[in-house]
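With the first letter of the sequence shown counted as 1, position 250 gets the number 250 in UniProt numbering; the numbers rise by one all the way through.
Ideal Cβ placement from N, Cα and C applies to all residues, glycine included.
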Amino acid sequence: MESTATRCQKWVLAKKMTGTATLSHFGLEEEDVATDLQDGEVLCEALYISVDPYMRPYAERSLSEGSMMMAEQIARVLHSKNPQFPEKSLVLANVGWRTLSRVSDMTSLRQLPVMGDLPVSHALGMLGLTGLTAYYGMTEVCKPKTGDVVVVTSAGGAVGSVAAQIAKAAGCKVIGICGSDDKCRWITEELGMDVAINYKTDNVSAKLQEEAPTGVNCLFDNVGGDLASAVICHMSLGGRAALCGSISLYSDDIHHPSQGLSIYRAIVAKQLTVQGFNVIHWFSSWDVAYRALYNLVQEGKLRSKELIYDGFDKLPEAFLKLFKGGNLGKIVVKIQD
Numbered sequence: 001m002e003s004t005a006t007r008c009q010k011w012v013l014a015k016k017m018t019g020t021a022t023l024s025h026f027g028l029e030e031e032d033v034a035t036d037l038q039d040g041e042v043l044c045e046a047l048y049i050s051v052d053p054y055m056r057p058y059a060e061r062s063l064s065e066g067s068m069m070m071a072e073q074i075a076r077v078l079h080s081k082n083p084q085f086p087e088k089s090l091v092l093a094n095v096g097w098r099t100l101s102r103v104s105d106m107t108s109l110r111q112l113p114v115m116g117d118l119p120v121s122h123a124l125g126m127l128g129l130t131g132l133t134a135y136y137g138m139t140e141v142c143k144p145k146t147g148d149v150v151v152v153t154s155a156g157g158a159v160g161s162v163a164a165q166i167a168k169a170a171g172c173k174v175i176g177i178c179g180s181d182d183k184c185r186w187i188t189e190e191l192g193m194d195v196a197i198n199y200k201t202d203n204v205s206a207k208l209q210e211e212a213p214t215g216v217n218c219l220f221d222n223v224g225g226d227l228a229s230a231v232i233c234h235m236s237l238g239g240r241a242a243l244c245g246s247i248s249l250y251s252d253d254i255h256h257p258s259q260g261l262s263i264y265r266a267i268v269a270k271q272l273t274v275q276g277f278n279v280i281h282w283f284s285s286w287d288v289a290y291r292a293l294y295n296l297v298q299e300g301k302l303r304s305k306e307l308i309y310d311g312f313d314k315l316p317e318a319f320l321k322l323f324k325g326g327n328l329g330k331i332v333v334k335i336q337d
């Protein structure tokens with residue numbers, strides 16, 4: 001029997017992203033996707049695609065030139081030979097920057113969770129991997145207690161804004177660090193954080209001394225570099241730091257990274273727990289975390305903003321926006337309704 005196929009677009013890594021990433025690092029290609037499915041397979045089309053900072057070091061470390069950019073997307077099942085994923089159902093698919101996918105590895109697919117009245121795009125944000133990352137980093141690594149002082153860097157970003165709200169819901173004093181006055185206003189006036197520090201215009205160390213004179217109990221860090229160092233050196237005895245990302249270092253040459261943090265004396269003297277983490281570690285309990293996040297939304301204790309780019313051709317532009325700042329919350333690319 002002659003097989004049938006449909007054309008698909010995909011974005012690939014055109015050249016290694018050393019230094020500052022630009023549009024020239026990406027290439028748009030087309031390929032045929034066979035549509036005559038085998039038992040257990042599904043064919044799905046992209047509706048929304050997530051862009052996240054981790055893609056930058058991942059691409060540099062793990063992708064060769066010509067490889068497709070990886071990401072999670074919300075997709076609609078067009079055809080199915082798998083009863084778990086019926087036709088017309090919506091799924092979360094870890095299939096990358098592509099418009100059409102024939103999926104045989106079911107570990108790449110998850111049912112879209114119940115979203116209530118929320119836009120489905122939030123399944124890539126505060127109720128998706130973004131929210132899960134914030135949840136586990138805050139609850140399992142930072143482990144804040146009522147009355148603790150919690151600092152979140154990149155607090156106006158997708159993960160940081162969720163992590164900060166989780167800490168606030170736990171009864172903590174939350175200090176958010178951002179890079180613009182607009183973000184500082186958003187995280188205090190709309191998200192309820194107690195203090196906002198603009199690291200570009202404020203003296204971070206002086207502000208921390210003013211707002212946390214006895215030290216910071218917990219740090220949720222997305223930035224790395226000098227900013228993380230300043231907070232760690234101001235932590236209290238027995239403090240906990242969750243290292244989620246290091247976006248300030250992502251544009252450095254991976255083979256010649258910036259100087260490491262000069263914080264070892266503070267870590268030892270204050271008996272700090274400093275832990276990197278990956279949300280995959282808690283995969284078996286994601287459904288529990290999702291319900292906790294959804295409940296916070298329903299209680300009015302968790303909210304988010306989205307910056308939505310329209311069109312598959314906008315993926316590289318949306319990705320690069322992550323490293324230029326200015327956006328509030330989560331960036332998502334809409335492919336179609």
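> Helix, strand or coil: which one does DSSP assign to ARG303?
Replying inline: If you number the sequence shown from 1, residue 303 lands on position 303. In this structure, ARG303 counts as coil in the three-state DSSP scheme.
>> Whole angstroms are fine: how far does the CA of VAL216 sit from the CA of GLY325?
In response: For the purposes of this step, residue 325 is identified with residue 325 of the sequence shown, where counting begins at 1. For the purposes of this step, residue 216 is identified with residue 216 of the sequence shown, where counting begins at 1. Distance between the alpha carbons of GLY325 and VAL216: 26 Å.
> Is ASN278 buried or exposed, if buried means 16 or more other CB atoms sit within 10 Å of its CB?
Replying inline: For this step, residue 278 is matched to residue 278 along the sequence shown. Looking at its Cβ environment, which holds fewer than 16 other Cβ atoms inside 10 Å, ASN278 is exposed.
> When we look at the beta-carbon of MET106 and count the other beta-carbons within 10 Å, is it buried (16 or more) or exposed?
Replying inline: Stepping through the sequence shown from its first residue, residue 106 is reached at position 106. It is exposed - the Cβ of MET106 has fewer than 16 other Cβ atoms within 10 Å.
> What did DSSP end up calling ASP287 once you bin it into helix, strand or coil?
Replying inline: Residue 287 sits at position 287 when you count from the first residue of the sequence shown. ASP287: helix per DSSP, three-state reduction.
>> Am I right that residue 340 and GLY156 are in contact with their C-beta atoms under 8 Å? What's the rounded C-beta distance?
In response: One cannot answer for residue 340 here, as it falls past the ends of the chain, which runs 1 to 337.
>> Which residues does DSSP list as the beta-bridge partners of ALA59?
In response: Position 59 of the sequence shown, counted from the start, is the residue given in the question as residue 59. BP columns for ALA59 are empty, so no partner.
> According to DSSP, what are the bridge partners of VAL91?
Replying inline: Position 91 of the sequence shown holds residue 91. VAL91 pairs with ALA75 and GLN111.
>> Taking the alpha helix (DSSP H) that GLY311 belongs to, which residues open and close that run?
In response: Within the sequence shown, numbered from 1, the residue matching residue 311 stands at position 311. No alpha helix (DSSP H) holds GLY311; DSSP gives it neither H nor E.
> To the nearest angstrom, how far is it from the Cα of GLY20 to the Cα of ALA59?
Replying inline: Residue 20 sits at position 20 when you count from the first residue of the sequence shown. Residue 59 sits at position 59 when you count from the first residue of the sequence shown. Note that residue 20 is Thr in the sequence shown here, rather than Gly. For THR20 and ALA59, the distance between alpha carbons rounds to 13 Å.
>> Using 8 Å for Cβ pairs, my map puts GLY66 next to LYS10. What's the rounded Cβ distance?
In response: The residue given as residue 66 occupies position 66 in the sequence shown. The residue given as residue 10 occupies position 10 in the sequence shown. Not a contact, Cβ separation roughly 11 Å.
> Who are the Cβ neighbours of ILE267 in its own chain at under 8 Å, not counting the five residues just before and after it?
Replying inline: Here residue 267 refers to the residue found at position 267 when the sequence shown is read from its first residue. Contacts found: ILE232 and VAL274.
>> Distance check for PRO53 and ALA170, CA to CA, integer angstroms please.
In response: On the sequence shown, residue 170 is found 170 positions in, with the first residue counted as 1. On the sequence shown, residue 53 is found 53 positions in, with the first residue counted as 1. If you take the alpha carbons of ALA170 and PRO53, they lie about 27 Å apart.
> Excluding five sequence neighbours on each side, which residues of the same chain lie with their C-beta closer than 6 Å to the C-beta of LEU261?
Replying inline: Here residue 261 refers to the residue found at position 261 when the sequence shown is read from its first residue. Annotation note: pLDDT 49 at LEU261 (below 50); position unreliable, no value reported.
>> Can you tell me whether ALA46 is helix, strand or coil according to DSSP?
In response: The sequence position of residue 46 within the sequence shown is 46, counting from 1. In this structure, ALA46 counts as strand in the three-state DSSP scheme.
> By Cβ distance below 8 Å, which residues in the same chain neighbour HIS255 in space, the five residues on each side in sequence not counted?
Replying inline: For this step, residue 255 is matched to residue 255 along the sequence shown. For HIS255, the pLDDT reaches just 43, beneath the cut-off of 50, and the residue's location in the model is therefore unreliable, although a value from the coordinates is still provided. Answer for HIS255: no residue qualifies.
> Can you name the residues that DSSP bridges to CYS142?
Replying inline: Sequence index remark: in the sequence shown, residue 142 carries index 142 (1-based). DSSP output for CYS142 lists no bridge partner at all.
>> Within a Cβ cutoff of 7 Å, which residues of the same chain sit near VAL103, ignoring the five residues on either side of it in sequence?
In response: On the sequence shown, position 103 is the one that residue 103 refers to. GLU41, VAL42, CYS44, ALA93, VAL95 and LEU109.
> Exposed or buried, which one is ARG56 when buried takes at least 16 other CB atoms within 10 Å?
Replying inline: Translated into positions along the sequence shown, residue 56 becomes position 56. By the neighbour-count rule (16 or more Cβ atoms within 10 Å), ARG56 is buried.
> The beta strand (DSSP E) spanning LEU129 covers which residue range?
Replying inline: The sequence position of residue 129 within the sequence shown is 129, counting from 1. Element bounds for LEU129: not the beta strand (DSSP E) but the alpha helix (DSSP H), 129–136.
> When burial is assigned at 16 or more other CB atoms within 10 Å of the CB, is ASP148 buried or exposed?
Replying inline: Here the question's residue 148 lines up with position 148 in the sequence shown. Buried.
> For ARG76, which residues from the same chain have a beta carbon less than 7 Å from its beta carbon, with the 5 sequence-adjacent residues on both sides left out?
Replying inline: Counting from 1 along the sequence shown, the entry for residue 76 is found at position 76. Excluding sequence neighbours, ARG76 sits near CYS44, GLU45, LEU47, LYS88 and LEU90.
>> Taking only three categories from DSSP, how would you classify TRP11?
In response: By 1-based counting over the sequence shown, the position of residue 11 is 11. The answer is strand: DSSP assigns TRP11 an E or B state.
>> Give me, in chain order, the residues of the same chain whose beta-carbon lies closer than 6 Å to that of GLY192; leave out the 5 immediate sequence neighbours on both sides.
In response: As a first step, residue 192 is located in the sequence shown; it is residue number 192 there, counting from the start. If we look at GLY192 and ignore the five residues flanking it on each side, its Cβ neighbours are LYS168.
> Skipping 5 residues on each side, what residues in its chain have a beta carbon closer than 6 Å to that of GLY238?
Replying inline: As a working mapping, residue 238 is identified with position 238 in the sequence shown. Here the set comprises GLN271.
> Using the beta-carbon count (16 or more within 10 Å), is PHE26 buried or exposed?
Replying inline: Here the question's residue 26 lines up with position 26 in the sequence shown. Buried is the call here.
> Between which two residues does the beta strand (DSSP E) containing ILE177 stretch?
Replying inline: What you label residue 177 is simply residue 177 of the sequence shown in a count that begins at 1. From DSSP, the beta strand (DSSP E) with ILE177 extends over 173–178.
> What is the DSSP secondary structure of ASN198, counted as helix, strand or coil?
Replying inline: Counted from its first residue, the sequence shown places residue 198 at position 198. Strand.
> Are ALA206 and ILE187 close, meaning C-beta to C-beta below 8 Å?
Replying inline: Indexing the sequence shown from 1 puts residue 206 at position 206. Indexing the sequence shown from 1 puts residue 187 at position 187. No, Cβ-Cβ distance for ALA206 and ILE187 is not below 8 Å.
> For ALA5, is the classification buried or exposed, using 16 other Cβ atoms within 10 angstroms of its Cβ as the cut-off for buried?
Replying inline: Counted from its first residue, the sequence shown places residue 5 at position 5. Under this definition ALA5 is an exposed residue.
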